[in-house]
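Working notes, beginning with the structure itself.
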Amino acid sequence: MKVNISADEWKDHDSAVFRGALEGFVASAAVAVPGFYYLHRRSAWYRSLPLPLRVAGVVLIVGPYTSMKAEWRSLEFERKQWSDSGKLELDRAAAEEEARFNALSTTDKAFDWASRHQYSIILGSWALSMAAAGAIVAKDKYMTLAQKAVQARMWAQGLTIGVLLVAGVLTQKNRQEAAASVYRRSLLADFSRRTTA
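Here the sequence shown is numbered in this note's numbering, starting from 543 and rising by one per residue.
Here it is in structure tokens:
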């Protein structure tokens, strides 16, 4: 954010942040509170937890999302304030990126999206594999709870290692493409310098 700002800009920024926090609070509470009541009615295990621990579950959902939404609104407000040549350059770069992305095939778009969101994919695949393995292993009536937890963790780790290998291959592919692109640009620049000289 700018260092020298007027009182009106400060007030507008505060209202944007407050609006974002309120939106985040309402949206996350709309998910967390009904979930709290649903689990309270349906799960004896959940009812056996102490109240502070159950409330902490709601707070762990509502608090971070409220903070993130306020931050997003703050950044959005800042972007609306940009008006110099830097904004024009960023807009031009965004338009070029959008044109490049629209020119890709569906497969290339999927690879591009996966390379930009690889950490989210890795974390999500770990969580999904942990849940799936836990559901499958939970059906075994001969294992103890500790054995089931270890088995679910081992299956999830195996899948996550596979996803990490795929992410490594995609990263290497992107690096090779970027290096080839830089090399082509340097050849074109060198060629244009020689022809104009």
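We put the CB at the ideal spot given by N, CA and C, even for glycine.
For A563, tell me which candidate among I547, V604 and W552 has the shortest Cα-Cα distance.
Closest option to A563, Cα to Cα, is V604.
Just to confirm, is the Cβ distance from F619 to L712 under 8 Å?
Cβ distance not < 8 Å, so F619 and L712 don't count as in contact.
When the Cα atoms are used, what is the spatial distance from A694 to A637?
A694 and A637: Cα-Cα distance of roughly 45 Å.
Please state if the CB of L706 and the CB of I664 are separated by a distance shorter than 8 Å.
Contact flag set, yes.
So, under 8 Å CB-CB, K611 and G566 are touching, yes? Tell me the CB distance rounded to an integer number of Å.
Confirmed, Cβ separation roughly 3 Å.
On the three-state DSSP scale, how would you describe S625?
Of the three classes helix, strand and coil, the one that applies to S625 here is coil, per DSSP.
Thinking R615 and R561 are a contact (beta carbons under 8 Å), I'd like their distance in whole angstroms, please.
Rounded, the Cβ-Cβ distance is 6 Å, consistent with contact.
Just checking, does the segment 671 to 685 make contact with the segment 694 to 703 on the three C-beta pairs under 8 Å criterion?
Result yes; three or more Cβ-Cβ pairs closer than 8 Å.
Rounded to the nearest angstrom, what separates L657 and S590 at their Cα positions?
First, the amino acid is wrong: residue 657 is Ser here, not Leu. Their backbone Cα atoms lie some 43 Å apart in a straight line.
Could you say which of W655, W668, D633 and R726 lies nearest to F643 if we only look at CA atoms?
Nearest of W655, W668, D633 and R726 to F643, Cα basis: W655.
Does the structure place the segment 594 to 604 close enough to the segment 565 to 582 that three or more beta carbon pairs sit under 8 Å?
Yes, the segment 565 to 582 is in contact with the segment 594 to 604.
Closest by CA to Q623, which one among W668, E551 and S723?
When each option's Cα is compared against that of Q623, the closest is E551.
Would you report the Cα separation of K715 and T648, rounded to the nearest angstrom?
Their backbone Cα atoms lie some 17 Å apart in a straight line.
Using only the alpha-carbon positions, how far apart do S548 and E631 sit?
Near 26 Å, if we compare the C-alpha coordinates of E631 and S548.
To the nearest angstrom, how far is the alpha carbon of G577 from that of K553?
Answer to the nearest angstrom: the Cα atoms are 36 Å apart.
Does the distance from the C-beta atom of Q660 to that of A709 stay below 8 Å?
Taking 8 Å as the Cβ cut-off, Q660 and A709 qualify as a contacting pair.
Along the alpha helix (DSSP H) that carries K651, what are the first and last residues, could you check?
T648 to R658 is the extent of the alpha helix (DSSP H) around K651.
In three-state terms, what does DSSP make of K681?
If DSSP states are grouped into helix, strand and coil, K681 belongs with coil.
Classify N546 as helix, strand or coil using the three-state DSSP reduction.
In the structure shown, N546 sits in coil (DSSP, three-state: anything other than H, G, I, E or B).
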